Structures are given as C-alpha cells and as structure tokens.
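Numbering (our numbering), first residue to last: 3 to 386.
Everything below concerns the one structure shown next.
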Ligand code: UT7
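Right under this line is the structure:
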C-alpha cells in the first residue's frame, strides 16, 4: 500500500459492555428455545443489554475515552471520528457527532459508517486511508451497537443471537513501520436482503401500519447468511493477507467478527488455520455487530494474546454482504491498557435534545429490570 507516512499504528484500544446480562435461561422464559440449542448452534451463553440510560453514542463514548487514554492522547488530538453502527441514536445527527461532543473534541471531522457487522473494520480501512495520506494524524474508530433495540424478542431465530456493546481504536501516524499492511473491503450483493430492517428508512417510513407489521425489527435468513459468512470471511482474510505479502503461517492471531462459534469453526477448517490462534469471546457477548471485533481485540490484548510485533488479522462479515479484513502488525505496549482503568460509564454525558424524554429499553425485556418472569411469547418458527 502506498503510504505518505511510514506506518499507521493502533495506538489505543478500548471496549465497554453494559452491566445488564441476558442469559440463555432468561430467553428460555421468553421464546421456545433452550440453553442447549443456543450453546450447540451458536456458542452463546449470555449477552449484554444496554440500560435505559444508555445508547449507542454513550457506550461508544466510554470505549472512545478508554482508547484515547490508552494512546496517551487528549481528546482534542483526534482529527477524525468514525462510528460504525447500524443502531445510531438518531437518523440525524450522527452518533459520531454525539461522541465528538461528549469527548470534548472541537477539531475532528465526525461521521457514521453503515456497513453493519463490518462497520468497525470498514471504519478502520477508511481511517487508515485518511492517516496514511496525511489527511489526519490521529483517527478514532468506534464500533457501537444497541442491537437489543432492533431485535424482535418474539423471533427465536434472531433474538438469541445479538447483544449490545462498544469497542474503539485510535489509529496514529508514525515514522516507524508497522500497523496495517494489507486491507481488503468488499460487498457481495448476493446477500443484499439476507439480513435487513424493512421499516423506518426512506423506502418504508415509520407509520402505524409499519409498526403493526413489526418492520422496525431485524429479519434474517440464517442458513443463507451462515454459508455466505464462512465463504466471505475466508476469502476476505486471504485477500488481505495476499496484499500484506503474508502467508497464514505468519499470522499469530485472527480476531474475527463474533457471529456464531460454528461460523468461526467452519472458517478455521475452510482456510486450514488452527482454532487456538483464533480469538473467540462470543459465549459472553453474543453478536454485537460492529462492536464485536474491537471488543474482541481489546479482550485479546488484555488476555496477553497479542504482543508487540505480532501479526494480527481482523476480519468481519455483515448485512448487505459487507466484509472486510485488516492484516496488521501490532506495535503498542499492551501494558498501556491500564491507563484506561479509571474510565467508566459515569464519565460520560451525551447531549440530549429539547424533547420529551423516552425510555428506549426494549419493552420485552422490562421484566429483567423488575425481576418478574414474563409470559412466553408466541414464536415464529425461526427466521424470515
Ligand atoms: O453478523 C452476521 C449476522 N448473522 C449471522 O451470522 C447468523 C448466521 N446464521 C446462524 O448463525 C444460524 O443459521 C442460526 C444460529 C441463526 C440458526 O442455526 P441453524 O443451524 O442454521 O438452524 P436453522 O435455521 O436451520 O433451523 C433449524 C431448526 C428450525 O426448526 P425446524 O424447522 O428444523 O423444526 C428452527 O425453527 O432450529 C429451529 N430454531 C430454533 N430452535 C430453538 C431456530 N432458532 C431456534 C432457537 N431455539 N433459538
């Protein structure tokens, strides 16, 4: 890749997961499913749910402040903010604008990026291009999602899969080589409507009829998505490796999008890569869409699975047939992660509009907060 700087490095990283846990046992009380089915078919045991006072922007801000602290920077050092999300607080303004305001940055360009579960990896690619070309010196890339707010908790084919959370990275220009050396971003239109939210956009705007037919919730053709995910994760990772001039033997750790542990198993088999060099944390978070790769990356560093000099591949697949992979050489000192220890959700204040406050917590999960078990919902037979 032609760079105007010697390297664009991951200088900071951070993640945030809300404290409310939704277990498989909780879901057994809501739809016709079982812990055994969910664990064997997906690897998921529990996922996190954003609280009534939390949004995509608030979680993104915690992760962002942590990543900026780990990088040893001030918020105002950031020149570019990209938030990958399919669940922004509002259609307007962008979540990135809210994050910029909340971190106290006055300088950066700020924008959201819509590439679903590939949002963070796509954001990484765009930020790399900005920094390597000299248009930005420090870029903040965030993946943040409140999936619980577009999930149909009567559809057992999707509601067991998704969770909420945020992760972030700061990419910085450096005179030293390292950072991303191979980037591949693609979109396969064969999967355009494999996962979609029909209502609420310009084609099917919000209306009582739209809400009555539950078009505000995500729909998915699971089997079709599964097969395409395995194929695209493999081909995209291999394309990034080819651009880096690396072979699979050179790679110390793959950090994939956490969609389903069986997808990760199938990916490992399809490219002939050992599972013990693939990071998996889906059991505790489920699929957090754009947040999954940066949450996994942050946990991998904290767990000692990434060391200075390691060669890492980040790879994701998502709705709209998006997929992306980054082959990068890690240069930051993992010990810098302790710089973020004092940053928590209380450190964050998102500017609120002058409008009647709403409680965004999913009504289907209100029972979790009160501790009263719900009546089981009538369940669809699975996916669309
Ligand atoms: O980030 C990318 C986004 N999404 C994904 O990557 C998801 C990709 N797809 C998947 O992970 C899997 O396809 C699922 C986990 C969604 C489904 O697993 P599957 O092994 O493909 O199951 P299936 O859709 O073929 O369904 C098998 C059976 C069906 O019952 P019948 O028709 O055989 O009687 C479903 O109705 O399992 C049933 N089923 C469930 N049973 C218990 C579907 N969901 C559930 C459930 N609990 N939660």
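All C-beta atoms in this analysis are idealised placements derived from N, C-alpha and C, irrespective of residue type, glycine included.
Predicted, not measured: the structure shown is a model, and the values here were computed from it.
Would the beta-carbon of residue 391 fall within 9 angstroms of that of residue 138?
Any question about residue 391 goes unanswered here, given that the chain covers just 3 to 386.
Just tell me which of 293, 224 and 135 has its CA closest to the CA of residue 149.
Nearest option by C-alpha distance: 293.
On the DSSP letters alone, give me the boundaries of the beta strand (DSSP E) that residue 18 sits inside.
First-last of the beta strand (DSSP E) with residue 18: 9-18.
Less than 8 angstroms between the CB atoms is what I'm expecting for residue 119 and residue 291, so what's the real figure, rounded?
Indeed, because the Cβ distance is near 5 angstroms, the residues count as touching under 8 angstroms.
Throw me the rounded Cβ distance for the residue 187 and residue 326 pair, which I believe falls under 8 angstroms.
Indeed they touch by this definition, with Cβ atoms about 4 angstroms apart.
How do the segment 82-89 and the segment 118-133 stand: do at least 3 beta-carbon pairs fall below 8 angstroms, yes or no?
In the pairwise beta carbon analysis, the segment 82-89 is classified as touching the segment 118-133: at least three pairs are separated by under 8 angstroms.
How should residue 343 be labelled, buried or exposed, when 16 other C-beta atoms within 10 angstroms of its C-beta is the threshold for buried?
exposed
In the DSSP assignment, find the unbroken alpha helix (DSSP H) run with residue 80 in it and report its ends.
Premise fails: residue 80 is in no alpha helix (DSSP H) and is neither H nor E.
In the DSSP output, which residue or residues are listed as bridge partners for residue 187?
326
Rounded to whole angstroms, what's the CA-CA distance from residue 231 to residue 164? Just pull it up for me.
16 angstroms
Residues in the same chain with beta-carbon distance under 7 angstroms from residue 27, minus the five sequence neighbours each way, listed in chain order, please.
37
Can you give me the start and stop residues for the beta strand (DSSP E) that residue 314 sits inside?
Residue 314 -> beta strand (DSSP E) spans 313-320.
Excluding five sequence neighbours on each side, which residues of the same chain lie with their C-beta closer than 6 angstroms to the C-beta of residue 218?
201 and 202
In angstroms with no decimal places, state the Cα-to-Cα distance between residue 49 and residue 115.
24 angstroms
I want to check one thing, is the minimum distance from the CB of residue 32 to the heavy atoms of the ligand UT7 below 8 angstroms?
no
Assuming residue 212 is part of the alpha helix (DSSP H), what are its boundary residues?
DSSP places residue 212 in the uninterrupted alpha helix (DSSP H) bounded by 210-214.
I need the straight-line Cα distance from residue 41 to residue 107, nearest angstrom please.
42 angstroms
Any chance the CB of residue 272 is under 8 angstroms from a heavy atom of the ligand UT7?
Every heavy atom of the ligand UT7 is 8 angstroms or more from the Cβ of residue 272, so no.
In this structure, does DSSP put residue 93 in helix, strand or coil?
Three-state DSSP puts residue 93 in coil, outside helix and strand.
Using only the alpha-carbon positions, how far apart do residue 177 and residue 334 sit?
Rounded to the nearest angstrom, the two C-alpha atoms are 14 angstroms apart.
For residue 239, I'd like the list of residues in its chain whose CB is within less than 6 angstroms of its CB, leaving aside the five on either flank, ordered along the chain.
Here the set comprises 315, 317 and 327.
So residue 246 and residue 183 are supposed to be a Cβ contact under 8 angstroms. How far apart are they, rounded?
In this structure, residue 246 and residue 183 form a Cβ contact; the two beta carbons are roughly 4 angstroms apart against a cut-off of 8 angstroms.
Given a cut-off of 9 angstroms on the beta-carbon distance, is the pair residue 211 and residue 16 in contact?
no
In chain order, what residues of the same chain lie with their CB nearer than 7 angstroms to the CB of residue 242, ignoring the 5 residues before and after it?
184, 185, 186, 315, 327, 328 and 329
So residue 51 packs on residue 166, CB below 8 angstroms; how close in whole Å?
6 angstroms
Helix, strand or coil: how does DSSP classify residue 376 here?
coil
Any heavy atom of the ligand UT7 inside 8 angstroms of the beta-carbon of residue 228?
yes
Taking DSSP as the reference, what is the three-state secondary structure of residue 382?
Low confidence applies here, because residue 382 scores a pLDDT of 49, under 50, leaving its location unreliable; read the following figure in that light. Correct three-state label for residue 382: coil.
Whole angstroms are fine: how far does the CA of residue 354 sit from the CA of residue 104?
11 angstroms
Is it buried or exposed, residue 288, if we count other Cβ atoms within 10 angstroms and call 16 or more buried?
buried
Given this structure, state the Cα-to-Cα distance separating residue 147 from residue 20, to the nearest angstrom.
11 angstroms
For a quick check, are the C-beta atoms of residue 331 and residue 312 less than 9 angstroms apart?
yes
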